[in-house]
Amino acid sequence: MFKRLVVLAILVALTFSTIQAQNNEDLAACTEDEITEIAVAVSASDFGDDYSALVSKFEDMDIEGGDLLDLSADVSELQETWWSEIVSDFPDCVIAQKIALTGGRMMDELLISVSIGQVAYNEEQTGSRAKSAKLLKRFQYHIAQWTGLQTEFLALINEAMD
120 MFKRLVVLAI LVALTFSTIQ AQNNEDLAAC TEDEITEIAV AVSASDFGDD YSALVSKFED
180 MDIEGGDLLD LSADVSELQE TWWSEIVSDF PDCVIAQKIA LTGGRMMDEL LISVSIGQVA
240 YNEEQTGSRA KSAKLLKRFQ YHIAQWTGLQ TEFLALINEA MD
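Written as structure tokens, this is what we have:
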């Protein structure tokens, strides 16, 4: 069941990314005023602080204490804020769309990592070491994806602000 949900989430994300990539061809480059709108939308929220707190919580988590479950709820809440409160104020231009999608994918990968990590831990606790080992490989893959998206997100922010 969990595997189906993860696959479905990935397919939805890939479909949306493909549609957006096709739509980017129709978008204009961002003007200075639009760049300011992006900066205002991101800085007017607590996104940066909240995201940093999530990363710290992820790095300091106690998996046996159920921190992954709490973290997944926090990531989900921040995703909701990203899409409904921050990105909704972005202008319709190329760099804004790239920042929006990369930020969303970054949080998707964190949520996937946290979810897989929790399932791997549960499998380990029930004695399914082989399943746990496979899940750990997936966990590591998604952590690498998340890390790459963080780098890409920061590069896009820097590009927009230059």
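Numbering-wise (the numbering used here), the sequence shown opens with residue 120 and increments by one.
Yeah, the Cβ is synthetic: ideal placement off N, Cα and C, and Gly gets one too.
Keep in mind that this is a model prediction, so the values were computed, not measured.
Span of the alpha helix (DSSP H) around residue i
| i | result |
| --- | --- |
| residue 219 | 213–244 |
| residue 162 | 151–162 |
| residue 177 | 166–178 |
Cβ pair residue i, residue j closer than 8 Å
| i | j | result |
| --- | --- | --- |
| residue 221 | residue 173 | no |
| residue 72 | residue 195 | The question about residue 72 has no answer here: the residues shown for the chain are numbered 120 through 281. |
| residue 254 | residue 242 | yes |
| residue 278 | residue 214 | yes |
Residue i, DSSP secondary structure in three states
| i | result |
| --- | --- |
| residue 267 | helix |
| residue 147 | strand |
| residue 209 | coil |
| residue 281 | coil |
| residue 191 | helix |
| residue 251 | helix |
Of the listed residues the options, nearest to residue i (C-alpha basis)
| i | options | result |
| --- | --- | --- |
| residue 275 | 165, 216, 177 and 179 | 216 |
| residue 232 | 251, 208, 257 and 248 | 257 |
| residue 261 | 236, 252 and 240 | 236 |
| residue 219 | 247, 202 and 163 | 202 |
| residue 151 | 245, 249, 224 and 211 | 211 |
For residue j and residue i, believed in contact at Cβ under 8 Å, the rounded distance
| i | j | result |
| --- | --- | --- |
| residue 226 | residue 259 | At roughly 18 Å, the Cβ-Cβ gap does not stay under 8 Å, so residue 226 and residue 259 are not in contact. |
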